[in-house]
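This report concerns only the one structure given below.
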Amino acid sequence: MSRRAQLAICIVFVLGMFAPALAWLGGTRAEDTVFNPAMPRPDIDDWSLSDYFDAKSYAQVGAFLTDRMPLRTVLQRNEARVDWEIFHDSPVASITPGKGDWLFWTDNIYAACAPNWVAAAAQANASIPEGVSSWLSAVERVTAAAGVELIVTAPPSKAAVHPERLNRRSHTAADCAVEQRAEFEATLGAHPSMLALWDPMLVAAESTTDGESLYYHQDLHWNSLGASVFAEELVDRIEPDMWDADALSRNGEEEIYANAAHNIHLPREETAPHYQIARPGVEITTIRQEQPEGSTESNPRVWEVCEAGAPGFELNDDGALVQEVAHLCLDTSPVRIFGAEADTPEHLISGRTLMLHDSMGWMTIPMLSQYFADITFANFYTTLHTDWFIEELGAIDRLIFETQELNFWTLFYPDPRYPFFDNLLLGLRDRLPTTNIPLTEENLRSTKDVEFRNGAVVTTTDDGQLLLPSLPPKDDPDAFRYLTVELEIEDQKPDPLELEDYGIQLFWADSADGFNETNQAEVRKAPGHQLATFPVDALGDTTDLIFRLDPGGLIGTKVLSVDVIDIPPMDASGATGDEDISNGQGSETTEIPPGPKTTEGPQTAEDPETTDSSKTPEGPKGRQATDEVDQTTTSRPAGAGTQVTTSIANPRREPSSAQHTSTSVSSRSGDG
Numbered sequence: 004m005s006r007r008a009q010l011a012i013c014i015v016f017v018l019g020m021f022a023p024a025l026a027w028l029g030g031t032r033a034e035d036t037v038f039n040p041a042m043p044r045p046d047i048d049d050w051s052l053s054d055y056f057d058a059k060s061y062a063q064v065g066a067f068l069t070d071r072m073p074l075r076t077v078l079q080r081n082e083a084r085v086d087w088e089i090f091h092d093s094p095v096a097s098i099t100p101g102k103g104d105w106l107f108w109t110d111n112i113y114a115a116c117a118p119n120w121v122a123a124a125a126q127a128n129a130s131i132p133e134g135v136s137s138w139l140s141a142v143e144r145v146t147a148a149a150g151v152e153l154i155v156t157a158p159p160s161k162a163a164v165h166p167e168r169l170n171r172r173s174h175t176a177a178d179c180a181v182e183q184r185a186e187f188e189a190t191l192g193a194h195p196s197m198l199a200l201w202d203p204m205l206v207a208a209e210s211t212t213d214g215e216s217l218y219y220h221q222d223l224h225w226n227s228l229g230a231s232v233f234a235e236e237l238v239d240r241i242e243p244d245m246w247d248a249d250a251l252s253r254n255g256e257e258e259i260y261a262n263a264a265h266n267i268h269l270p271r272e273e274t275a276p277h278y279q280i281a282r283p284g285v286e287i288t289t290i291r292q293e294q295p296e297g298s299t300e301s302n303p304r305v306w307e308v309c310e311a312g313a314p315g316f317e318l319n320d321d322g323a324l325v326q327e328v329a330h331l332c333l334d335t336s337p338v339r340i341f342g343a344e345a346d347t348p349e350h351l352i353s354g355r356t357l358m359l360h361d362s363m364g365w366m367t368i369p370m371l372s373q374y375f376a377d378i379t380f381a382n383f384y385t386t387l388h389t390d391w392f393i394e395e396l397g398a399i400d401r402l403i404f405e406t407q408e409l410n411f412w413t414l415f416y417p418d419p420r421y422p423f424f425d426n427l428l429l430g431l432r433d434r435l436p437t438t439n440i441p442l443t444e445e446n447l448r449s450t451k452d453v454e455f456r457n458g459a460v461v462t463t464t465d466d467g468q469l470l471l472p473s474l475p476p477k478d479d480p481d482a483f484r485y486l487t488v489e490l491e492i493e494d495q496k497p498d499p500l501e502l503e504d505y506g507i508q509l510f511w512a513d514s515a516d517g518f519n520e521t522n523q524a525e526v527r528k529a530p531g532h533q534l535a536t537f538p539v540d541a542l543g544d545t546t547d548l549i550f551r552l553d554p555g556g557l558i559g560t561k562v563l564s565v566d567v568i569d570i571p572p573m574d575a576s577g578a579t580g581d582e583d584i585s586n587g588q589g590s591e592t593t594e595i596p597p598g599p600k601t602t603e604g605p606q607t608a609e610d611p612e613t614t615d616s617s618k619t620p621e622g623p624k625g626r627q628a629t630d631e632v633d634q635t636t637t638s639r640p641a642g643a644g645t646q647v648t649t650s651i652a653n654p655r656r657e658p659s660s661a662q663h664t665s666t667s668v669s670s671r672s673g674d675g
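4 is the number of the first residue of the sequence shown in our numbering; add one for each residue after it.
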């Protein structure tokens, strides 16, 4: 090689080395996109001395600088093209190539064998199916006692439905997942609320023709054909023979922002055959969308590509719902309400239905809205922590919960980020056999470092304590008893973005001076309006015990209410033993005698150390919810409306006519 050629190579090499720096000086900045977010700036100001000697700290700084390097996106895409187009490989570990142009989420291939499943099982001290089954049973008992029809489903992953599209190496790696999925299916399939989709999806996948599939090739979601399988199974579950197969037809193509392709830095839109439902004699009369106060969008960068409050659906000339925005943008209004009327009322599912869903639910909205007289779709990631969800529960007749198989356990473990069970109890409390413990100085045995303000108890130090009166005996000895504490927790950290949850402790003893750190339970809660739930059945006869509540260890924590909720057991059909309760009616009011007064305040037990360091979002405060921020979400921008209404006929719907009688009970004030 001549010296001139060698010199040219050196010049090109040097220019390549310094091109990013030169581009930076020229004003070029790295592109930060929805599926390619840059590493946030490390908080060097808060580094401890040990952080300066920790290699991980400098790795974060390196990642931060690398992600802001000009031409970053160009280099990533070129690397991805080499990996994908030449070696048929993925440049990122989270995505695994399949056969042809198929891409799979790696976690979906390994499914129940992934580390997060192991952690969930360890938390429940049981196998995953057993742990989820226990929580699902509790949810079933609560909804049955409140007179709410419950349907729960977990759509299988793309890897489970289309294993023929996995490559040979992935097939071998998925053996553990296949075994775990079978146990998962068998355990959950025994629950009366469970709508199993495994077999229907597999049968439908085998029946596809002309190269069609039920899932997108380069996105984790099912397409409209796959969503129609769920829609049919759901309608048949509620109203057999209502599903009209002729109403489902192929009409053009649909497009999705293919997230798997974007994650390997090859952005593209993927198309698939579009299937829609148009039912003669059925008319959509209401289309409304809302963003409840305190809700957040599940994708932190959704606002970069979506217009806040843009109408998501409209009717075409055939009466079918047409989606007007990208699937991703549906989260800008996480609550979508539809009303329908039919020439024959029996052609619609009656009652007020709430469907909690993840992103898989996006594709089902235009289909299911044609079969329900009144249905609300709510993205649970963005609404479960809001007061809107709690208030909505009080008026519903039916609750449908859908989330993809891999994330199914999220809602059924006591995760402060998604307080499903606690908020379920709070929302249905007035429809359950509930005994209220009045928070008055006369009714409580004693207090320490608290004040009574407008019916609530407020802590004045970080060691506020309440000694509760004797709990009433159970009307049904087989009932499941919960002691619940409704709280408003102030966020007292100097940095409002530094998220943390707080511990609420319940102590029990045979006497007022017998409390110790062994006989206690603690739940973790984020700041905001929260319900702390303590199952107390394991303690035996709770009427002989004295309970002490330590609400949060913070000054200014408000205890809004304390209740005892006794949930009747379910029979084999899934109904509770109390006929009145199963119809949503309340039980009779009884008196709770106040407990005997103690001459001294509750004894202080040293708080046990906790290893729970999970960071949780700030929830709504009191009944006036506020926007929430956590490590994976951002609040909606200023100027975005809290509600956008597109009303065709009924601009607002009235609450259900079903009676929901409160069962709150008070004790006599003034009895010492």
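Just so you know, even glycine gets a beta-carbon here, dropped at the ideal spot from N, CA and C.
Beyond the five residues adjoining it in sequence on each side, HIS174 comes within less than 8 angstroms, by CB distance, of PRO166 in the same chain, given in chain order.
By the Cβ rule, the stretch 220 to 230 counts as touching the stretch 257 to 270, because three or more pairs are nearer than 8 angstroms. As for any alpha helix (DSSP H) of minimum length 4 sitting wholly inside the stretch 405 to 465, the runs are 423 to 431, ordered along the chain.
Residue GLY555 holds the alpha-carbon nearest to the alpha-carbon of ASP466 among ASP494, ALA323 and GLY555. No residue range can be given for ASN522, since it is assigned to no alpha helix (DSSP H) and is classified by DSSP as neither H nor E. Shown here for THR146: same chain residues with a beta carbon closer than 7 angstroms to its own, the five before and five after excluded, namely LEU153 and LEU402 in chain order.
DSSP, read as helix, strand or coil, puts ILE568 in strand. Around the beta carbon of ALA8, fewer than 16 other beta carbons lie within 10 angstroms, which makes this residue exposed. Within the stretch 255 to 280, the runs of alpha helix (DSSP H) that reach at least 4 residues and sit entirely inside it are, in chain order, 262 to 266. In the DSSP assignment, ASN111 falls outside any beta strand (DSSP E) and within the unbroken alpha helix (DSSP H) covering 109 to 113. Proximity to LEU331 across TRP365, ALA524 and THR347 peaks at TRP365, based on C-alpha coordinates.
Contact between the stretch 225 to 244 and the stretch 187 to 196 is absent: fewer than 3 CB-CB pairs across the two stretches fall below 8 angstroms.
Note on geometry: alpha-carbon atoms of PRO203 and PHE424 lie some 29 angstroms from one another. Distance between THR545 and CYS309, taken at the CA atoms: about 53 angstroms. By the CB criterion at 7 angstroms, VAL539 and ARG484 fall inside the cutoff.
Counting along the chain, PRO100 sits inside the beta strand (DSSP E) bounded by residues 98 to 100.
Of THR335, GLY103 and GLY559, the smallest CA-CA separation from HIS91 is found for GLY103. Beyond the five residues adjoining it in sequence on each side, LEU324 comes within less than 7 angstroms, by CB distance, of ILE287, PHE316, LEU318, PRO369 and SER372 in the same chain, given in chain order.
CA-CA distance, LEU396 to ILE378, rounds to 13 angstroms. Between the beta-carbon of VAL460 and that of LEU474 there is about 18 angstroms, and that puts the pair past the 8 angstroms contact cut.
With respect to the 7 angstroms criterion, THR274 and GLU256 are classified as neighbours on the basis of their beta carbons. When the beta-carbon positions are compared, LEU409 and ASN111 come within less than 7 angstroms of each other. Contact between GLU186 and PRO276 does not hold, since the beta-carbon distance rounds to 35 angstroms and is not under 8 angstroms. With respect to the C-alpha of PHE404, the residue from SER210, PHE380 and ARG339 having the closest C-alpha is PHE380.
For the 7 angstroms CB-CB criterion, GLU493 and GLY430 do not form a contact.
Pairing GLU242 with ILE89, the inter-Cα distance amounts to about 52 angstroms. With respect to the 7 angstroms criterion, SER298 and THR389 are classified as neighbours on the basis of their beta carbons. Secondary structure of ILE47 (DSSP, three-state): helix. In this structure, the straight-line span from the alpha carbon of GLU520 to that of PRO422 is close to 26 angstroms. In the structure shown, PHE187 falls within a helical segment according to DSSP collapsed to helix, strand and coil.
For ARG355, the number of other beta carbons within 10 angstroms of its own is at least 16, and it is reported as buried. The secondary-structure analysis by DSSP pairs PRO538 across a beta bridge with TYR485.
Between PHE107 and ALA162, the gap from beta carbon to beta carbon is short of 7 angstroms.
For the 7 angstroms CB-CB criterion, ALA515 and ILE568 do not form a contact. In the three-state reduction of the DSSP assignment, TRP246 falls in the coil class, being assigned neither a helical nor a strand state. Around the beta-carbon of ASN457, fewer than 16 other beta-carbon atoms lie within 10 Å, marking it exposed.
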